[in-house]
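Residue numbers are given in numbering that gives the first Met the number 0: position 107 of the sequence shown equals residue 106, and the series is strictly consecutive. So the structure is just underneath, and the comments pick up after that.
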Amino acid sequence: MASTYFTLLTKAGQAQIANAVATGQTVEWTAMAVGDGNGNPTTPNENQTALVRERYRAQINQLTVDPDNPNYMIAELVIPTDVGGWVVYEVGVFNSAGDMVAVANFPATYKPQISEGSGRDLVVRIVILVSNSSTVTLKIDPAIVLASQKWVADNYLLRAKVAGGTTGQVLAKTDNSSENFRWVDPTAAVQVIVDAKTERQTLAASQTVVTLATLTTQAIAVYIEGVRLIESLDYTKTDATHITLARSYPAGYRVHMYQNDPTSTIADASETERGFTTLATTAEATTGTNNTHTMTPLKTKQAITASAIGIGYMLVTHETSSGVAAGASTANTFVVRVLNTVRANTITGASLLSNQITLPAGTYRIRASTPGNGVNLHNARFYNVTDAATVIIGTSENTTSLAATPSETTQTRSHVDGRITITANNVFELRHYCQEAVPTNGLGSAVSAGGSEVYSIVEIIKEA
């Protein structure tokens with residue numbers, strides 16, 4: 000439903016605020032006026048430059064930002080007792096240049112004069128929506144800002160009445176008459192004695208419901224044979240005079256119940272005692288260094304998983320179609336092994352592109368291997384391209400030499416295993432040295448058994 004009474008920024012007001020926002024300057028609003036609309040209700044129009052019929056204008060009394068909406072400004076005008084004799088239908092706000100920047104219609108309110116036998120201050124407030132309240136400032140003459148009678152009563156008179164007092168004191172009534180009070184220290188000469196009440200009963204076999212004879216269940220503590228029970232876990236309050244135990248106890252067991260129990264604090268749980276416990280954080284569950292906090296089933300599973308495979312895992316391989324060899328080896332030089340398949344990757348920020356693995360900052364366990372076929376001696380290593388340095392050297396391996404025994408070549412794998420820590424994104428390659436050049440399949444011979452041929456393998460576990 001459309002509002003009956005509302006406020007609009009005039010076109011002059013819109014233009015000035017837009018310019019202030021664009022230039023980083025402010026505009027000054029100085030005055031408000033009310034009018035009687037020539038005796039009729041009015042409808043605000045952004046093209047207005049003046050009120051329909053202005054009756055009274057004065058300096059703005061207050062201009063504040065709505066605490067619940069920083070784009071709402073509240074403008075206030077106080078019309079004094081000796082001004083009136085007309086109905087307020089319209090309200091305008093003016094800047095320091097005299098331009099009307101906002102216009103509002105107002106519920107019909109008659110402002111009497113003293114000569115009519117009745118007089119009162121009239122406070123007129125309107126709410127103005129602006130795009131940026133910080134661009135609007137109030138320019139006032141403090142000598143003519145008015146205070147309503149209510150403001151004086153709520154602020155000045157109250158402060159006069161409650162003057163004095165020191166830090167920590169509070170106001171206390173001195174008698175039942177209105178407005179008679181004094182400052183007192185709430186801790187002085189105050190003593191509170193809490194009387195602990197107790198009730199004891201003897202349980203029968205299979206008994207789970209206990210009917211209280213002298214106590215109520217409010218703020219009750221329950222003990223069986225000296226062991227405090229935990230509410231909701233060991234018992235529940237059925238009503239004001241009944242508790243229901245979660246299980247039965249042997250006949251003859253004594254149940255003690257206390258109200259205002261002086262030892263009501265439940266102790267921390269231990270391996271032998273029930274009590275309160277603190278749940279472990281994910282970091283505590285993963286590192287396993289805390290021996291006092293407990294773990295939920297989910298955190299237990301996460302900790303076991305993290306211990307086994309770390310907090311992230313990546314597996315990349317070199318794969319070809321069935322029957323396609325890995326390629327020719329090059330004699331006496333390190334070559335970059337092909338890596339073209341990501342089998343798994345749960346490490347955020349890790350990726351494979353053009354035979355290069357990118358890893359984010361962290362600590363990693365690296366396990367890799369790559370084959371050599373008929374190349375005689377060969378060796379693999381994990382190479383940091385970013386730092387231009389070998390970070391893990393693989394095992395030294397030997398195969399038969401194609402040159403020496405061309406009809407009986409063998410294939411072996413050089414294994415890379417180690418741990419690295421990096422502080423920023425780094426790029427890595429798997430590199431391979433072969434003593435002899437072997438065409439077509441020196442870097443791995445195909446099995447041709449159907450499915451993919453798998454050659455180089457790099458397994459990465461993120462530990463931290």
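Using N, Cα and C, we set each Cβ at its ideal position, and we do this for glycine too. These numbers come from a predicted model, not from an experiment.
Reduced DSSP secondary structure (H/G/I, E/B, other) of residue i
i	result
Ala464	The question about residue 464 has no answer here: the residues shown for the chain are numbered 0 through 463.
Ser205	coil
Val51	coil
Thr422	coil
Glu198	strand
Glu230	strand
Leu338	coil
Ile139	Residue confidence is low: Ile139 scores 41 on pLDDT, short of 50, so the model does not pin down where it sits. Its coordinate-derived value is still stated next. Coil.
Ile242	strand
Thr3	coil
Gly34	strand
Ala343	strand
Thr332	strand
Gln511	Residue coverage of the chain in this structure runs from 0 to 463, which leaves residue 511 outside it and unanswerable.
Glu435	coil
Val446	coil
Ala57	strand
Val323	coil
Val82	coil
Thr237	strand
Thr316	strand
Thr299	helix
Nearest neighbour of residue i, chosen from the options [CA to CA]
i	options	result
Ala195	Pro249, Ala107, Tyr257	Tyr257
Asn339	Thr291, Asn354, Ala21	Asn354
Ala325	Ile310, Gly441, Gly287	Gly441
Val489	Arg366, His292, Ala327	Since the displayed the chain opens at 0 and closes at 463, residue 489 lies outside it and no answer follows.
Gly373	Thr243, Asn344, Glu407	Glu407
Pro405	Ala436, His431, Arg412, Pro66	Ala436
Leu214	Arg199, Arg227, Val208	Arg199
Ile223	Leu202, Thr237, Thr210, Thr216	Leu202
Ala204	Asn39, Gly251, Trp28	Gly251
Glu45	Ala30, Asp35, Leu376, Ala14	Ala14
Thr165	Pro43, Pro111, Val183, Lys172	Val183
Thr108	Val126, Val87, Phe93	Val87
Asn397	Ile229, Ala388, Leu376	Leu376
Ala387	Gly84, Leu429, Trp85, Gly12	Leu429
Thr29	Pro79, Asn94, Glu53	Asn94
Cβ-based neighbour list, residue i, same chain, cut-off 7 Å, excluding 5 preceding and 5 following
i	result
Ala49	Met99
Asn383	Val390, Asn425, Phe427
Thr357	Ala349, Ser350, Asn424, Val426
Gln47	Thr9, Met99, Val102
Gly449	Ser321
Gly393	Asn378, Ala379, Arg380, Ser413, His414, Val415
Ala330	Cys433, Gln434, Glu435, Ala436
Heavy atom of the ligand SAM within 7 Å of residue i beta-carbon
i	result
Thr216	Inclusion of the ligand SAM in the displayed structure is not the case, the ligand content being empty and no account of it being possible.
Opposing strand residues paired with residue i [DSSP bridges]
i	result
Gly251	DSSP output for Gly251 lists no bridge partner at all.
Gly417	Ile365
Val183	Val169
Ala220	Tyr257
Met294	None, per the DSSP bridge assignment.
Glu283	None; Glu283 has no bridge partner.
Ala74	Leu62, Ile125
Gln24	Note: Gln24 sits in no beta bridge, so no partner.
Ser350	Thr357
Ile475	As shown, the chain starts at 0 and ends at 463. That puts residue 475 outside it, with no answer to give.
Glu45	DSSP lists no partner for Glu45.
Thr411	Gly371
Sequence-distant residues of the same chain with beta carbon closer than 8 Å to residue i, five excluded per side
i	result
Pro185	Gly167, Gln168, Val169
Glu527	Outside the modelled stretch of the chain, which goes from 0 to 463, sits residue 527, for which no answer is possible.
Arg342	Leu314, Val315, Thr316
Tyr4	Ala103, Asn104, Phe105, Pro106
Glu507	With the chain running from 0 to 463 in the structure shown, residue 507 is simply not present.
Cβ neighbours of residue i in the same chain (closer than 6 Å, five flanking residues each side left out)
i	result
Pro359	Gly348, Asn424
Pro141	Confidence in Pro141 is poor, its pLDDT being 44 and thus under 50, which makes the residue's placement too unreliable to answer from.
Asp233	Ala245
Gly465	Because the chain in this structure spans residues 0 to 463, residue 465 falls outside the shown range and cannot be described.
Ser2	none
Asp416	Arg366
Glu458	Leu314, Arg366
Ile419	Tyr363, Val390
Asn290	none
Note to self: Which runs of the beta strand (DSSP E) at least 3 residues long sit entirely within the region 89–130? Give them in chain order.
What the structure shows: The DSSP assignment places complete beta strand (DSSP E) segments of no fewer than 3 residues inside the region 89–130 at 99–110, 121–128, in order along the chain.
Margin query: If we require 3 or more residues per run, which beta strand (DSSP E) segments fall completely within the region 362–409?
Written below: 374–383, 388–400, all fully within the region 362–409.
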